[in-house]
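One structure below.
Protein chains: 2
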Amino acid sequence: MPESKLGLLQGTLDVMVLQTLAAMGPQHGYGIARRIEQVSGDEILLNQGTIYASLVRLQHRGWIRAKWGASENKRKAKFYSITPKGRVRLGQDVAYWQRLADVMGRVLASRARENGNA
Amino acid sequence: MPESKLGLLQGTLDVMVLQTLAAMGPQHGYGIARRIEQVSGDEILLNQGTIYASLVRLQHRGWIRAKWGASENKRKAKFYSITPKGRVRLGQDVAYWQRLADVMGRVLASRARENGNA
DNA sequence: TGGTCACATAACAGAATACGATATTCCTGT
DNA sequence: ACAGGAATATCGTATTCTGTTATGTGACCA
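Residue numbers (our numbering), protein chains in the order written: chain A, 6 to 123; chain B, 6 to 123.
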């Protein structure tokens, strides 16, 4: 069980969605959410509804496209897939993330002066 | 020169400010901003004014405190320092960041299927 | 037939950074 | 002595995103 729910930072959800679609192929919103939670080792728990706003954004920008179909359970579901533009964007996002992680690492590593403490 | 300006994600600026104060001791807003840019290797470029909203937030929460003084150039400046509560918070923030970076790494590493591509 | 789960849409609240305008004070060049 | 610019701070607004909650629909099962 996850220690505590891990909140997300602005933009990280969209990247994970793109990555998930790139890695899994076409998938419906519900499935994408479950997959992200699973891959994260259940550290991330997406509130029901949270993923859809992301999907709307991404589709609106032309990075994913949707098509109605039926899930494995015969239920009506919208299947999303990543577009070529989406792949390009994903590449940029990953590069951005690595840069940010690098910079944060550098900043957080700047040594603290030896203070008495609390 | 930086390739391109690196935008920040929600919350990362506040953590960097706390860390900077913990590492440098009391410092004024302008100095904190310059320091963050420097430590980041000039990848981060803080727009003038951006840092102050962060300082207001942190002070409002009791994580930093301010005192008017004079900068090395004899100009009037507000010197901020981290409080005990701020140090606790910084620890939590760093832990959070590491968790998020870890999870993002896991998600972004999920293999893409071999697709023709674009 | 009634319930629950899979799956989707919509709308608002909260929070933080980007950006631009403005004010003050000190320092430097002429 | 004066103009201009750098150091330093404040404020207000636009934008964007996640959290959250309410609501709807169709399948499956007891």
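Idealized CB from N, CA, C, for every residue including glycine. As the structure is a computational prediction, the values presented were derived from the model and not from experiment.
Point to revise | valine 44 (chain A) versus glutamine 15 (chain A) - alpha carbon distance | key: The alpha-carbon atoms of valine 44 (chain A) and glutamine 15 (chain A) are separated by roughly 19 Å.
Exercise for review: Using a cut-off of 7 Å between C-beta atoms, extract the partners of glutamine 24 (chain B) located in chain A.
Suggested key: Per Cβ cutoff of 7 Å: Val112, Leu113, Ser115.
Check your understanding: serine 115 (chain A) to glycine 67 (chain A), Cα distance in whole Å?
Key -> Computed Cα separation, rounded: 40 Å.
Check your understanding: Would a check of beta-carbon distances place arginine 104 (chain B) closer than 7 Å to chain A?
Key -> With 7 Å as the cut-off, arginine 104 (chain B) counts as an interface residue toward chain A.
Practice item. Please compile the residues from chain B whose C-beta is within a distance smaller than 8 Å of the C-beta of threonine 17 (chain A). Key: Contact of threonine 17 (chain A) with chain B by beta-carbon distance below 8 Å involves Leu14, Leu105, Met109.
Practice item. Identify the contact partners of glycine 46 (chain B) in chain A, using a Cβ-Cβ distance below 8 Å as the criterion. Key: Going along chain A in sequence order, the residues near glycine 46 (chain B) (Cβ under 8 Å) are Val108, Arg111.
Practice item. Could you work out which residues of chain B lie near isoleucine 41 (chain A), taking near to mean beta carbons separated by less than 8 Å? Key: Here the neighbours are Val112.
Point to revise | Three-state secondary structure assigned by DSSP to lysine 83 (chain B) | key: If DSSP states are grouped into helix, strand and coil, lysine 83 (chain B) belongs with the strands.
Check your understanding: To the nearest angstrom, how far is it from the Cα of valine 99 (chain A) to the Cα of alanine 28 (chain A)?
Key -> Going by C-alpha positions, valine 99 (chain A) is about 14 Å away from alanine 28 (chain A).
Exercise for review: Could you tell me whether the segment 80–100 of chain A touches the segment 49–56 of chain A, using the rule of 3 or more Cβ pairs below 8 Å?
Suggested key: The segment 80–100 of chain A, when compared against the segment 49–56 of chain A, does not touch it at the 8 Å Cβ threshold.
Exercise for review: Return the first residue and the last residue of the alpha helix (DSSP H) that lysine 90 (chain A) is part of.
Suggested key: Per DSSP, the unbroken alpha helix (DSSP H) holding lysine 90 (chain A) starts and ends at 89–114.
Review point. For glutamate 42 (chain A), which of A:Gln103, A:Lys90, A:Gly12 has the nearest alpha-carbon?
Key: For glutamate 42 (chain A), the closest of A:Gln103, A:Lys90, A:Gly12 by C-alpha to C-alpha distance is A:Gly12.
Exercise for review: Below 8 Å CB to CB, which residues in the same chain sit around arginine 70 (chain A) once its five sequence neighbours on both sides are set aside?
Suggested key: For arginine 70 (chain A), where only same-chain residues beyond five positions count, the Cβ hits under 8 Å are Gln64, Tyr85, Ser86, Thr88.
Practice item. For the segment 49–61 of chain A, enumerate the residues whose C-beta is nearer than 8 Å to any C-beta of chain B, in chain order. Key: The residues in question are Ile49.
Practice item. Kindly say whether leucine 63 (chain A), judged by its beta-carbon, lies nearer than 7 Å to any beta-carbon of chain B. Key: The beta carbon of leucine 63 (chain A) sits no closer than 7 Å to any beta carbon of chain B.
**Study point:** Residue nearest to valine 20 (chain B) in terms of C-alpha spacing, selected from B:Gly46, B:Asp47, B:Arg62
**Key:** Measuring C-alpha to C-alpha distances from valine 20 (chain B) to each of B:Gly46, B:Asp47, B:Arg62 identifies B:Arg62 as the nearest.
Review point. In chain order, which alpha helix (DSSP H) runs of at least 4 residues are fully inside the segment 34–62 of chain B?
Key: If we require 4 residues or more, the alpha helix (DSSP H) runs fully inside the segment 34–62 of chain B come out as 34–44.
Review point. Which residue or residues does DSSP assign as beta-bridge partners of arginine 70 (chain B)?
Key: According to DSSP, which records beta bridges pairwise, arginine 70 (chain B) is partnered with B:Ser86.
Practice item. Please confirm whether histidine 33 (chain B) and alanine 75 (chain B) have their CB atoms less than 7 Å apart. Key: Result no, Cβ atoms of histidine 33 (chain B) and alanine 75 (chain B) do not sit closer than 7 Å.
Practice item. Could you check which residue in A:Val112, A:Leu113, A:Asp107, A:Ile37 has the C-alpha nearest to that of leucine 18 (chain A)? Key: Here the closest residue by C-alpha is A:Ile37.
Exercise for review: State the DSSP-derived secondary structure class of glutamine 64 (chain A), mapped to helix, strand or coil.
Suggested key: Residue state, collapsed to three classes: helix.
Review point. In whole angstroms, what separates the C-alpha of tryptophan 73 (chain A) from that of arginine 80 (chain A)?
Key: If I take the Cα positions, the gap works out to 11 Å.
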